[in-house]
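The opening position of the sequence shown corresponds to residue 1 in our numbering, with each subsequent residue numbered one higher.
Even for Gly, the Cβ is constructed at its ideal location relative to N, Cα and C.
Down below is the structure, laid out as structure tokens.
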Amino acid sequence: MKAFDRIIGYREIKSQLIVIADTLKNREAYRALGVDMPRGLLLYGEPGVGKSLMAKCLIEASGLSVFTCRKTEPNGEFVKTIKNTFDRASQAAPSIVFLDDMDKFANGDQRRRDCEEYVTVQACIDETKGRDVFVLATANDTDKLPDSLMRAGRFDRVIEIEAPEGKDAEDIIKHYLSRKKMVSQAEHTAIAAMLKGKSCAALETVINEAGIIAGYRREECITNRHIIEACLQIDGGITPGAYMPIDLERKSLASRVVYHEAGHATAAELLSPGSVLLAAVYRSGDGFTGFVRAKHDPNDCDALNGIMVDLGGRAATMIKYGEVDLGCLDDLCSAFGQAHRLTEGICYMGLAFFAYDRSELSQEKLSGIEAAVTALVESEYQKVQKLLTEHRPFFEAMAQAIADKGILTAEDIRVLREEYAAKEA
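Here it is in structure tokens:
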């Protein structure tokens, strides 16, 4: 059905909608089999994931008349609107009643789920039973709706629409970028991974913001860097002006931050080539801060590698300056946390350290576990120090590139890796 071509991604959900639309459009073929027509469909999920678009595509594909009801009047008047909408749909049957943003029909919280508006909707659905009126609804928060309204017989199907991920997100990004002037092939996978969990509307906003950044600089095309800057501005509030060249010859706080992040990025890229999506250092208040974002795929990077990556910043500071990194508390917490899971959860250091219930363990065993965890973290720290030392040219090039550009994309890091022939560790 061509109506559904407007929905990018969401293949499984789209296939369900196509089946429902077919039952509404070709009802006689189903009735010949003794099949009852579906009563209703509720699409729910956070704002901006495309619920309204999916509903409109379903309506268009069905070919039926639609009567839309959304909250526009005060409560007392709105109850009359609900009843009038169902009455008109019944008279024009077969038809569709579209209840848009149904969770906003009543002004209340979870304690007022039996409001008059919802009671009215339930009664109207029941009254139209057998009249070929299909009820289609969207909602952001189903916790505000009474369970009795969402049960089978009123809404036969309740489908959650989640923020796009993986291939769906990539396809949506490609769609939005197809209308923009790009200077080179966009890093769809990296951008989708960075925006994981974001709605379709957020993806569109990021792509458009990238165009605004490029336009303000009077550049002829949008680049991957513009998109990355837009991602960070929308997601983290980091303005493009926060990135500035840093002189690594000066033993400053900024240079220490650069080498710290370069240590994380180098370790991650050596242990799992192509895993680093972004490395950045930027001005924050009176100082500098940075971060590295990488893919977290258990098939590519196991927990031991994760510990090494966590400790990469500390190791880099020691290698470069011969000093202990005072800003790696979060990294140490993460590394020791992973080491505990390995030691107590899967018995990586031996079956003797298995801890099903820590509250019942003896002090002797707890001490043994802590010693094993410390030994594991220390071992991985020595490994990552050796790794960075053996690949010192790649590590130094990574730091210099971060200092010069402020942001390194996955493509920037790939070029560096190939230039310095950094092989997988």
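Under a 10 Å Cβ-count criterion, T374 is classified as exposed, with fewer than 16 other Cβ atoms of the shown protein chains found around its own Cβ. Secondary structure note for L42: its beta strand (DSSP E) is the uninterrupted segment 40–44. In this model, E344 and K383 are separated by some 22 angstroms (Cα to Cα). Shortest Cα-Cα distance from K71 to any of A32, T138, S199, F134 involves T138. Cα atoms of L278 and K51: separation of roughly 31 angstroms, rounded to the nearest angstrom. For the 8 angstroms CB-CB criterion, G48 and S178 do not form a contact. Distances from the CA of F86 to each of G45, K104, D132, A55 were compared; the closest alpha carbon is that of D132.
For the pair I161 and L43, the CB atoms are nearer than the 8 angstroms cut-off.
As a beta-bridge residue in DSSP terms, S65 pairs with S95. Within the DSSP secondary-structure output, Y243 pairs in no beta bridge. Here DSSP, grouped into helix, strand and coil, assigns V158 to strand. R88 places its beta carbon 8 angstroms or farther from that of F105.
Cα atoms of K2 and R225: separation of roughly 35 angstroms, rounded to the nearest angstrom. V19 sits exposed, since fewer than 16 C-beta atoms from the chains shown fall within 10 Å of its C-beta.
If the five residues before and after H264 are omitted, its C-beta is found closer than 7 angstroms to the C-beta atoms of V292, V309, G312, G313, all from its own chain and listed in chain order. In the structure shown, the three-state DSSP call for I222 is strand. Remark: fewer than three beta-carbon pairs, one from each stretch, lie closer than 8 angstroms, so the region 208–224 and the region 396–403 are not flagged as touching. Here A61 is buried. Its C-beta has 16 or more other C-beta atoms within 10 Å. If you draw a straight line from the Cα of E323 to the Cα of H340, it is about 27 angstroms long. When the Cα atoms are used, F354 and G368 turn out to be separated by approximately 11 angstroms. Looking at the DSSP output, Y282 bridges to T289. Contact between the region 140–150 and the region 165–174 is absent: fewer than three C-beta pairs spanning the two stretches fall below 8 angstroms. Along the length of the region 163–228, whole alpha helix (DSSP H) runs at least 4 residues long occupy 166–177, 188–194, 200–216, reported in chain order. In the same chain as L136, and ignoring 5 residues on each side of it, the C-beta atoms closer than 6 angstroms to its own belong to L41, A55, I96, F98, in chain order. Nearest Cα to D103 within the set A352, V257, E116: E116.
Excluding five sequence positions before and after L203, the CB atoms of its chain that fall closer than 8 angstroms to its own CB belong to P164, A169, I172, I173, Y176, L195, given in chain order. Taking all protein chains in view, the Cβ of T239 is surrounded by fewer than 16 other Cβ atoms within 10 Å, so the residue is classified as exposed.
Rounded to the nearest whole angstrom, the CA to CA distance from E261 to D156 is 52 angstroms.
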